[in-house]
Amino acid sequence: MSEIIVLAEQQAGKIVKATLHALTAARQLAQKTGATFDIVVAGQGIEGLGAQLNGYGAARVVILEHPALLNYTAQAYAQAFAAAASGAKFVIAATTAIAKDVLPRVAARLGAGMAADVLAITGEAGALIYKRPMWAGNVIAHVKINTPVHVLSVRPTEFALAEPTGTTSPVVVVKATVDEAKLRMTYVGLEAVESSRPALTDASVVVSGGRGLKEAANFKIVEKLADTLGAAVGASRAVVDAGWVPNDWQVGQTGKVVAPKLYIAVGISGAIQHLAGMKGSKTIVAINKDADAPIFQVADYGLVADLFSVMPELTEKLAARKG
Amino acid sequence: MKILVTAKRVTDPNSKIVLRPDRQGIVTDNVDFKMNPFCEIAVEEALRLRDKTEDSEIVVVTVGDEETTKEIRTALAMGADRGIRVAADEKSLDSDVVARILMKLCEQEKPDLVLLGKQAIDGDNNQVAQLLAEYLGWPQATFAYKFELTEGNKGARVQREVDGGVETVSLTFPAVVTTDLRLNEPRYASLPGIMKAKKKPLTEVTPAELGVDMTLKVTTVAFEPPPGRTAGVKVKTVEELIEKLATEAKCI
Numbered sequence: 076m077s078e079i080i081v082l083a084e085q086q087a088g089k090i091v092k093a094t095l096h097a098l099t100a101a102r103q104l105a106q107k108t109g110a111t112f113d114i115v116v117a118g119q120g121i122e123g124l125g126a127q128l129n130g131y132g133a134a135r136v137v138i139l140e141h142p143a144l145l146n147y148t149a150q151a152y153a154q155a156f157a158a159a160a161s162g163a164k165f166v167i168a169a170t171t172a173i174a175k176d177v178l179p180r181v182a183a184r185l186g187a188g189m190a191a192d193v194l195a196i197t198g199e200a201g202a203l204i205y206k207r208p209m210w211a212g213n214v215i216a217h218v219k220i221n222t223p224v225h226v227l228s229v230r231p232t233e234f235a236l237a238e239p240t241g242t243t244s245p246v247v248v249v250k251a252t253v254d255e256a257k258l259r260m261t262y263v264g265l266e267a268v269e270s271s272r273p274a275l276t277d278a279s280v281v282v283s284g285g286r287g288l289k290e291a292a293n294f295k296i297v298e299k300l301a302d303t304l305g306a307a308v309g310a311s312r313a314v315v316d317a318g319w320v321p322n323d324w325q326v327g328q329t330g331k332v333v334a335p336k337l338y339i340a341v342g343i344s345g346a347i348q349h350l351a352g353m354k355g356s357k358t359i360v361a362i363n364k365d366a367d368a369p370i371f372q373v374a375d376y377g378l379v380a381d382l383f384s385v386m387p388e389l390t391e392k393l394a395a396r397k398g
Numbered sequence: 011m012k013i014l015v016t017a018k019r020v021t022d023p024n025s026k027i028v029l030r031p032d033r034q035g036i037v038t039d040n041v042d043f044k045m046n047p048f049c050e051i052a053v054e055e056a057l058r059l060r061d062k063t064e065d066s067e068i069v070v071v072t073v074g075d076e077e078t079t080k081e082i083r084t085a086l087a088m089g090a091d092r093g094i095r096v097a098a099d100e101k102s103l104d105s106d107v108v109a110r111i112l113m114k115l116c117e118q119e120k121p122d123l124v125l126l127g128k129q130a131i132d133g134d135n136n137q138v139a140q141l142l143a144e145y146l147g148w149p150q151a152t153f154a155y156k157f158e159l160t161e162g163n164k165g166a167r168v169q170r171e172v173d174g175g176v177e178t179v180s181l182t183f184p185a186v187v188t189t190d191l192r193l194n195e196p197r198y199a200s201l202p203g204i205m206k207a208k209k210k211p212l213t214e215v216t217p218a219e220l221g222v223d224m225t226l227k228v229t230t231v232a233f234e235p236p237p238g239r240t241a242g243v244k245v246k247t248v249e250e251l252i253e254k255l256a257t258e259a260k261c262i
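Sequences listed follow chains A and B, in order.
Per my numbering, the first sequence runs over residues 76 to 398.
Per my numbering, the second sequence runs over residues 11 to 262.
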């Protein structure tokens, strides 16, 4: 097996895009250490996934199969992943809800130190330094892992989407190691936020709304502009907290981190924790009636105006441009 | 039932945090400290669970220096029953050491449920609860949005905030649960609560007394400021905005 293990994530039989960003981090580590990497994915009845992970330069693609892995649960997946990574020096996954949940448990099982939400890997083999955000990204810490095994979650927006290399990786299907007697939790179900819009973390345009919208019903103003642009919809923590929109839409320190080509913040003041989730966007537009709102300090284009009067005009004119 | 809940002292989430010129830490002048907002939600949930059950006890724990006693007192003023401070200098801690300290306390206290905030808004590590659950071999539900006890209070059904929606898991106690934003609205401590808190038991213990190996698995060796982003221009009209986006930023 390889010294570097990438834990891939699948949802309903599809590898999530974030995993392809983690592969870039794995390639960087492979280059620094001279090691190869394996991709490990877990589930039940997912033999077909090998094809999706082939061609990315992995020494092997390992498919862990077990009935207890049919649906994700922290206890079973931690066991299966840790057993599969036994003997590895690096375990990497993209920072997703599942990785946040399971990766520390994998680290605990491997006796490893973990760096969370890594932004960059620097230094040389034997003296690697991981850069990671603290205080909502207002400080970047350089951390060193003191254990022989390093566990890393990597922020997808900071590592490019891996392109296929054209090589083929042998695909191995193995029965996962899960001690079912130790499991005291079961998966009950998922209430999915149904949407025909692109995923927030993948979208090239994101339109987000905040408390300036005044009430939940007004959020449709944001959704309308988003749909005109084929964009994803985001939200500030305040409006998630108020119950206007699903938590899945939250952009910020404790929500999702996005870095689209265009981010439009509507009625968002720009609290520190919100900025932490969108500061990496290529172009930022802010629409807010308060000229002193902190969002204008990071916006490339600021429009100081009453959103209720300018949003319909903006939506209409952008729709007209699209024809 | 017995609930152990954590209360971490952190910088006020609304304070602007900047690196000191010598880059050895953050500027703390004019920065307030308070309980981590997600820990407040955990304390609140513990109080609501105690109201729904009989003979329940809430033990609030923090790991830190003398100052962190204030966060225990705040939790006691909100209504927790007693407190434990594990005396340690923050520089001697990482997520793993804190998890192992909490594991020792769980072995002593034998709680049915450990409630923690989903992440501390200073370190943003989001690891302690998951490490603790694995060290104890317990089930976990992170990012709790709704929490319901199951029959006989032997476990819980927890709805969790996940990518793409809300997931439900069922757990058998003892278990570890971390709280997310929408779980509840934490109460403020009342004046009588604050008075009562002064008389509630608060014990102190050291990691050495608990038998915790303080070897750090992760060390912070340096800090740097984040890449800066400067304010752009203000546009006057929607038309000007569209023009800039089309010709200058070329993103529409």
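C-beta atoms are modelled at their ideal positions from N, C-alpha and C, and glycine is treated no differently.
Since we're looking at a predicted model, the values are computed, not measured.
With DSSP as the reference, label residue 238 of chain A as helix, strand or coil.
The residue given as residue 238 of chain A occupies position 163 in the first sequence. The answer is coil: DSSP assigns residue 238 of chain A none of H, G, I, E or B.
Closer than 9 Å at the beta carbon, the chain B residues around residue 372 of chain A
Position 297 of the first sequence, counted from the start, is the residue given in the question as residue 372 of chain A. The answer, in chain order, is 239, 240 and 241.
Which whole-angstrom value is the C-beta distance of residue 179 of chain B and residue 263 of chain A, which I expect to be below 8 Å?
On the second sequence, residue 179 of chain B is found 169 positions in, with the first residue counted as 1. On the first sequence, residue 263 of chain A is found 188 positions in, with the first residue counted as 1. At roughly 6 Å, the Cβ-Cβ gap stays under 8 Å, so residue 179 of chain B and residue 263 of chain A are in contact.
Cβ of residue 215 of chain A less than 7 Å from any chain B Cβ?
Position 140 of the first sequence, counted from the first residue, corresponds to residue 215 of chain A. Yes, its Cβ sits closer than 7 Å to a Cβ of chain B.
Once the 5 residues before and after residue 25 of chain B are set aside, which same chain residues still bring their CB inside 7 Å of it?
Numbered from its first residue, the second sequence carries residue 25 of chain B at position 15. Sequence-distant partners of residue 25 of chain B (beyond 5 residues in either direction) whose C-beta falls short of 7 Å from its own C-beta, in its chain, are 41 and 42.
Beta-carbon proximity of residue 187 of chain A to residue 224 of chain A, cut-off 7 Å
Stepping through the first sequence from its first residue, residue 187 of chain A is reached at position 112. Stepping through the first sequence from its first residue, residue 224 of chain A is reached at position 149. A Cβ-Cβ contact shorter than 7 Å links residue 187 of chain A with residue 224 of chain A.
Would residue 244 of chain A be called buried (16 or more neighbouring beta carbons within 10 Å of its own) or exposed?
Within the first sequence, numbered from 1, the residue matching residue 244 of chain A stands at position 169. So residue 244 of chain A ends up on the buried side.
Confirm, please, whether the CB-CB distance from residue 92 of chain B to residue 69 of chain B is below 7 Å.
For the purposes of this step, residue 69 of chain B is taken as the residue at position 59 of the second sequence. For the purposes of this step, residue 92 of chain B is taken as the residue at position 82 of the second sequence. Cβ atoms of residue 69 of chain B and residue 92 of chain B: closer than 7 Å.
At a Cβ cut of 9 Å, what residues of the region 153-167 of chain B count as close to chain A, listed as they run along the chain?
153, 155, 165 and 167
How would you list, in chain order, the residues of chain A whose beta-carbon sits under 8 Å from the beta-carbon of residue 63 of chain B?
Residue mapping note: residue 63 of chain B aligns to position 53 of the second sequence, counting from 1. Going along chain A, no residue has its Cβ under 8 Å from residue 63 of chain B, so there is no contact; the nearest lies around 20 Å.
Excluding sequence positions up to five away, which residues of its chain have a Cβ less than 8 Å from the Cβ of residue 261 of chain A?
Here residue 261 of chain A is taken as the residue at index 186 of the first sequence, counted from 1. Around residue 261 of chain A: 148.
Residue 267 of chain A versus B/174, B/231 and B/243, residue with shortest Cα-Cα distance:
Counting from one through the first sequence, the residue named residue 267 of chain A turns up at place 192. Comparing Cα-Cα distances from residue 267 of chain A to each of B/174, B/231 and B/243, the minimum goes to B/174.
For residue 165 of chain A, three-class secondary structure by DSSP:
On the first sequence, position 90 is the one that residue 165 of chain A refers to. In this structure, residue 165 of chain A counts as strand in the three-state DSSP scheme.
Is the beta carbon of residue 368 of chain A sitting closer than 7 Å to the one on residue 352 of chain A?
Numbered from its first residue, the first sequence carries residue 368 of chain A at position 293. Numbered from its first residue, the first sequence carries residue 352 of chain A at position 277. No; because the gap between Cβ atoms is not below 7 Å, this pair is not in contact.
Cβ of residue 136 of chain B less than 7 Å from any chain A Cβ?
Here residue 136 of chain B refers to the residue found at position 126 when the second sequence is read from its first residue. Chain A, which has a Cβ nearer than 7 Å to the Cβ of residue 136 of chain B, makes this yes.
Residue 221 of chain A and residue 227 of chain B - do their beta-carbons sit closer together than 7 Å?
As a position in the second sequence, residue 227 of chain B is number 217, starting the count at 1. As a position in the first sequence, residue 221 of chain A is number 146, starting the count at 1. Annotated as proximal: residue 227 of chain B and residue 221 of chain A, with beta-carbon spacing under 7 Å.
Report all residues from its chain with a CB closer than 8 Å to the CB of residue 321 of chain A; omit the five preceding and five following residues, and keep chain order.
Within the first sequence, numbered from 1, the residue matching residue 321 of chain A stands at position 246. Correct list, in chain order: 268 and 315.
Would you list the one or two residues that DSSP bridges to residue 356 of chain A?
Position 281 of the first sequence, counted from the first residue, corresponds to residue 356 of chain A. Residue 356 of chain A pairs with nothing; no bridge assigned.
Just checking: is the beta-carbon of residue 363 of chain A within a distance shorter than 7 Å of some beta-carbon in chain B?
Counting from one through the first sequence, the residue named residue 363 of chain A turns up at place 288. Closer than 7 Å: no.
Is residue 224 of chain B helix, strand or coil by DSSP?
Residue 224 of chain B sits at position 214 when you count from the first residue of the second sequence. Reduced to three states, the DSSP call for residue 224 of chain B is coil.
Output yes if chain B places a C-beta closer than 7 Å to the C-beta of residue 85 of chain A; else output no.
Position 10 of the first sequence holds residue 85 of chain A. Using beta-carbon distances, residue 85 of chain A does not count as an interface residue toward chain B, since no partner is under 7 Å.
In the DSSP output, what is residue 363 of chain A paired with across the bridge?
Taking the first sequence and counting its residues from 1, one reaches residue 363 of chain A at position 288. Answer is A/379, bridged to residue 363 of chain A.
Taking Cβ to Cβ, would you say residue 206 of chain A is nearer than 7 Å to residue 195 of chain A?
One-based indexing of the first sequence puts residue 206 of chain A at position 131. One-based indexing of the first sequence puts residue 195 of chain A at position 120. The Cβ atoms of residue 206 of chain A and residue 195 of chain A sit closer than 7 Å to each other.
Should residue 230 of chain A be labelled buried (16 or more other beta-carbon atoms within 10 Å of its own) or exposed?
Here residue 230 of chain A corresponds to residue number 155 of the first sequence, with the count starting at 1. With 16 or more Cβ atoms within 10 Å of its Cβ, residue 230 of chain A is classed as buried.
Is the region 369-378 of chain A touching the region 324-344 of chain A in the sense that three or more CB pairs, one from each, lie closer than 8 Å?
yes
With DSSP as the reference, please indicate the residues paired to residue 156 of chain B in a beta bridge.
Within the second sequence, residue 156 of chain B is the residue found at index 146, counting from 1. Its beta-bridge partners are B/169.
Is there a C-beta anywhere in chain B that falls below 7 Å from the one on residue 302 of chain A?
On the first sequence, position 227 is the one that residue 302 of chain A refers to. By this cut-off, residue 302 of chain A is not an interface position.
Which runs of the alpha helix (DSSP H) spanning at least 4 residues fall entirely within the region 11-89 of chain B, listed in chain order?
Runs of the alpha helix (DSSP H) inside the region 11-89 of chain B: 47-62 and 79-88.
Answer yes or no: does any C-beta atom of chain B fall closer than 7 Å to that of residue 266 of chain A?
Locating residue 266 of chain A in the first sequence gives position 191, where the first residue counts as 1. With its beta carbon less than 7 Å from one in chain B, residue 266 of chain A belongs to the interface.
Kindly indicate if chain A contains any beta-carbon less than 7 Å away from that of residue 261 of chain B.
To locate residue 261 of chain B, count along the second sequence from 1; it is residue 251. True, the Cβ-Cβ gap to chain A drops below 7 Å.
Give the DSSP bridge partners of residue 113 of chain A, in chain order.
In the first sequence, the residue the question calls residue 113 of chain A occupies position 38. DSSP lists A/80 and A/135 as partners of residue 113 of chain A.
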